[in-house]
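Visitor:
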Amino acid sequence: MKIIHAIFILFSLLVSGSALAQSSTEAELEARAREVGQSLRCVVCQNQSIEESDAVLAEDMRRLVRKRLEAGDSNADVINFMQDRYGDFVLLKPPVQTNTYLLWFGPFILLFGMLFWFVRKTRKRSETSPVIPPLDDEEKQRLERLLGDEQ
Amino acid sequence: MLAEIGQISLIVALLIAVLQSVMPMLGAQKNDPRLMAIGDRAATAQFLCVATAFACLTAVFVGSDFSVKLAAQHSHSQKPLLYKFSGVWGNHEGSMLLWVLILSVYGALVPMFGKNLPTTLKARALSVQGMISVGFLAFILFTSNPFLRLNPVPLDGQGLNPILQDPGLAFHPPLLYLGYVGFSMAFSFSVAALIEGRVDAVWARWLRPWVLLAWSFLTAGITLGSVWAYYELGWGGWWMWDPVENVSFLPWLVGTALLHSILVLGKRHSMANWTVLLGITAFSLSLIGTFVVRSGVLTSVHSFAVDPARGVFILILLALATGGALTLYAVRSHTLRTGPSFGLVSKEGGLVLNNILLIVATTTVFLGTFYPLLVEAFSDSKISVGAPYFDQTFAPIMLLLIGFMGIGPLLSWRTDSIIAHKKHFVFACVLMVIITSLTFFFGKSILGALSIALAAYLAFGTLVAFGRKLKFGQVSLAQSMKLLRHQSGSAFGFFFAHMGMAIAMVGITAMSVWGAENAGVLKIGESLKVASYEYKLETIDAGRRDNFEYLQAGVAVSKDGELLSTLTTERRFYPIRNMVTSEAGIRVRQSANLYVGIGEGNQNDGWIIRAYYHPYVCWIWIGALFMAFAGFISLADSRLRFTVREPAPATAIPSAAE
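Taken in order, these protein sequences are the chains called A and B.
Add 293 to a position in the first sequence, counting from 1, and you land on the number used in the numbering used here.
Add 45 to a position in the second sequence, counting from 1, and you land on the number used in the numbering used here.
(1) Considering W652(B), what are the terminal residues of the alpha helix (DSSP H) in which it resides?
(2) Between V272(B) and the rest of its own chain, which residues show a CB-CB distance below 7 Å, the 5 nearest in sequence each way excluded?
(3) Using beta carbons (cut-off 9 Å, strictly below), is K427(B) in contact with chain A?
(4) Per DSSP, which one or two residues make a beta bridge with L567(B)?
(5) Can you confirm whether the stretch 310-325 of chain B touches the stretch 201-214 of chain B when touching is taken to mean that 3 or more C-beta pairs between the two stretches lie within less than 8 Å?
(6) What does DSSP give as the partner residue(s) for V9(B) in the beta ladder?
(7) Could you tell me whether the Cβ of V600(B) comes closer than 9 Å to any Cβ of chain A?
(8) Does the beta-carbon of Q524(B) have 16 or more other beta-carbons within 10 angstroms, so that it is buried, or is it exposed?
(9) Excluding five sequence neighbours on each side, which residues of the same chain lie with their C-beta closer than 7 Å to the C-beta of K160(B)?
(10) So, with DSSP's three-state summary, where would you put V198(B)?
(11) In whole angstroms, what is the alpha-carbon distance linking R169(B) and S426(B)?
(12) Given a limit of 8 Å on CB to CB distance, which residues of the stretch 283-316 of chain B reach chain A?
(13) Pull up the distance between the alpha-carbon of K114(B) and that of L93(B), whole angstroms please.
(14) Is the beta carbon of V226(B) less than 9 Å from the beta carbon of S66(B)?
(15) Quick check: the Cα distance between S490(B) and A681(B), rounded to an integer number of angstroms?
(16) Mark I372(A) as exposed unless 16 or more other C-beta atoms lie within 10 angstroms of its C-beta, in which case mark it buried.
(17) At least one CB of chain A closer than 9 Å to the CB of W273(B): is that the case?
(18) Check K360(A) in the structure and name its three-state DSSP category.
(19) In angstroms, rounded to a whole number, what distance separates the CA positions of V346(B) and Y416(B)?
(20) Can you check which of these residues, V520(B), L455(B), L444(B) and P163(B), is closest to S391(B) by C-alpha distance?
(21) Considering only the alpha carbon of each residue, which of G224(B), P254(B), R459(B) and S496(B) lies closest to M27(B)?
(22) What does the Cβ neighbour count give for D429(A), buried or exposed, with the cut at 16 atoms within 10 Å?
(23) Since L303(B) sits in a beta bridge, which residues does DSSP pair it with?
(24) Would you report the Cα separation of V551(B) and Y661(B), rounded to the nearest angstrom?
(25) To which residues does DSSP link A601(B) through a beta bridge?
(26) Leaving aside the five residues before and after F228(B) along the sequence, list all residues of the same chain whose C-beta is less than 7 Å from its C-beta, in chain order.
(27) Leaving out the 5 sequence neighbours to the left and right, which residues in its chain are closer than 7 Å to W284(B) when beta-carbon positions are compared?
(28) Is the Cβ of Q434(A) closer than 9 Å to any Cβ of chain B?
(29) Determine the closest residue to F216(B) out of A265(B), L596(B) and A370(B), with distance taken between C-alpha atoms.
(30) Where does M624(B) fall in DSSP's three states?
(31) Taking Cβ-Cβ distances below 8 Å as the criterion, which residues of the stretch 361-383 of chain A are in contact with chain B?
(32) List, in chain order, every chain A residue whose beta-carbon is nearer than 7 Å to that of E645(B).
(33) Is the beta carbon of S557(B) closer than 9 Å to that of Y578(B)?
(34) For S572(B), report the span of its beta strand (DSSP E) as first-last.
(35) Quick one: grab the DSSP three-state call for R325(A).
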């Protein structure tokens, strides 16, 4: 179990730590533009990012993203710029703010709440009703022998 | 004439459903066998009536009778026969009729297969099933009548929505509905059990095959929808976190939890409360899914008001079904007895954890889908929730779940300890280190490598758990083979479902880590580079075919100068509907798909070409189909056949009984 935990901690570190190297060769700029574009919603489409959409507005927004990146903005700058211009609606990843606390933290509060409830309940129940220890190896062998006879 | 027969059949079905919802319930209360027996006959009669109505509507579509408004709006005399059939449910009214048809089929199966069920339980469940029918039949008759006539009669129909002119429509909605509506059995029997105040292993063993059936259909339906969207929408996504997809995913997640908790209830008599609650929730989410999509509330809050009658009806039905069942649960759940206790580390404990994680995952998807609506309804601001949100909330929860899936099946019932599985963990770790290093060496992504290793760990855990059932290594190979033949259907089901999950995870990881895409405006002869592939626009062709205009591009894909394939992609414009659809050009291989789509453009500037490299994307669907297949295999389990006899106390080999 510990190993699994360690892996997950590692996992989450990697996810959060995947900061982008800021370099401005063309290919890297394009890759960054695509990454930014995938987190921005085409505001006239249904649930499509500007990278996926064929709409004219999406095309304009893609161009705008590339222009800002070429001008030397960081990814976060571009996203902030678009947010100022189009509002929270443009962000496919909603910002963490008062009206999204439930959205962001709800699932995790529920997770810990339910885990807490489960651990407490099993503890309490095992106190009231003693758990019968599992069969040891010798007992298991005896059981196998007995069952083997039956077949 | 046909339309009138259909109409009358529906009205009769509604009357029968009213009878079915009142009489058996009354009979169960008074313990009157004659009243209870009405339930059986009513369920069968209701099915016959709805089937007649559905047959009539199909005949109207196939016979191109455009005096019926629905056919005039959604069919066309020149349409291929397949689409005349599938066009029946390619619209709101028809799809609701299909829904009710499937509901009545499940209802009619209860008396057929439930001869040994306790009479009061069966009567009450049929009564609840009848109530659901009443709601839906009334909804159809009063707000969405498929049999309305049209005057004057048009010369020809308007044709089916072009996006729906695809074999996908023939299979995707029926499978999805077989899943959605299948959970109505879990709902009805949960409500009946709450009224009876009795949930036991017999109840669980009777219900489990129905849950399995519904779950398998839903899995297949969602998979098919994903494949359909992949080749039809033209931008290479297999899952878009689109609200409409999400609402079909919600009952699937809860259904998966239900499948596992009902297993515990059937074998260990524990988790009765929980199972009943999941049964109610799974169907409530199915209802939300059906209705929310049908009412159009998801596209925007405002389209709800387009047809207020439907919207309000929907909301009332939803509130009655879900609210009623949950209230009943709140009042009656204490009457259900709690089963024997179990340790934190035990198979039951693992399954509770599975349930917790699945419920949290469901909550995440639910919030992600409906939160924008809530924000819009209660404030002036508007927000969007897209893939990045789910990547950060849903994905870690699922990874955690997969982490537990690798060990859970190895635990023994009642009580176990982690230390007892030390050897397994050591092996698993060694395997994971090897897989991680290998994948990292070839793939150059630590995240991808770890994720693939996790999939390998899941596959390893599943293999070991299945191997232990066969006593692999403990007895001779011949004996293991003999044990293999004697494994129960659910043992195979477990194996294929969990393996399917591992396979799908490889595909999902590969797609998100190593998938590549590029887009550009190309003239003939120009090319795009995607990963190590070169996509060259060779030909452009335009013209008219059938009922659409097309723009077709031939794109040659080569790697290291060697031509692999020439893909053809199309963009179609349907003048009757003023709609554009796309047909992607795909080269399907087990190891990677090459995918190309064409957008707008002209001779002077060139055309928008989107090119993709999709490694192992097929594994996602193969894995998902494994899961659906696994559910059907489990159904073959003879122990699931319902008998009145209580299961004999453990006389079977313990490992085979697990």
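Glycine included, every Cβ here is placed at the ideal spot set by N, Cα and C.
Guide: Taking the structure as given:
(1) Run containing W652(B): none in the alpha helix (DSSP H); it sits in the beta strand (DSSP E), G651 to P660.
(2) W666
(3) yes
(4) W652(B)
(5) no
(6) Chain B is shown from 46 up to 703; residue 9(B) falls before or after that span and cannot be answered.
(7) no
(8) exposed
(9) none
(10) coil
(11) 46 Å
(12) M285, W286, D287 and P288
(13) 24 Å
(14) no
(15) 42 Å
(16) buried
(17) no
(18) helix
(19) Legend: pLDDT at V346(B) = 47, less than 50; position of this residue unreliable, value from coordinates given subsequently. Computed Cα separation, rounded: 12 Å.
(20) L455(B)
(21) Lying outside 46 to 703, the shown extent of chain B, residue 27(B) is not represented and no answer is given.
(22) exposed
(23) DSSP output for L303(B) lists no bridge partner at all.
(24) 7 Å
(25) K581(B) and T611(B)
(26) A259, P296, G300, A327, F328 and S331
(27) S271 and E290
(28) no
(29) A265(B)
(30) strand
(31) G380, D381, F382 and V383
(32) D347
(33) no
(34) S572 to V575
(35) helix
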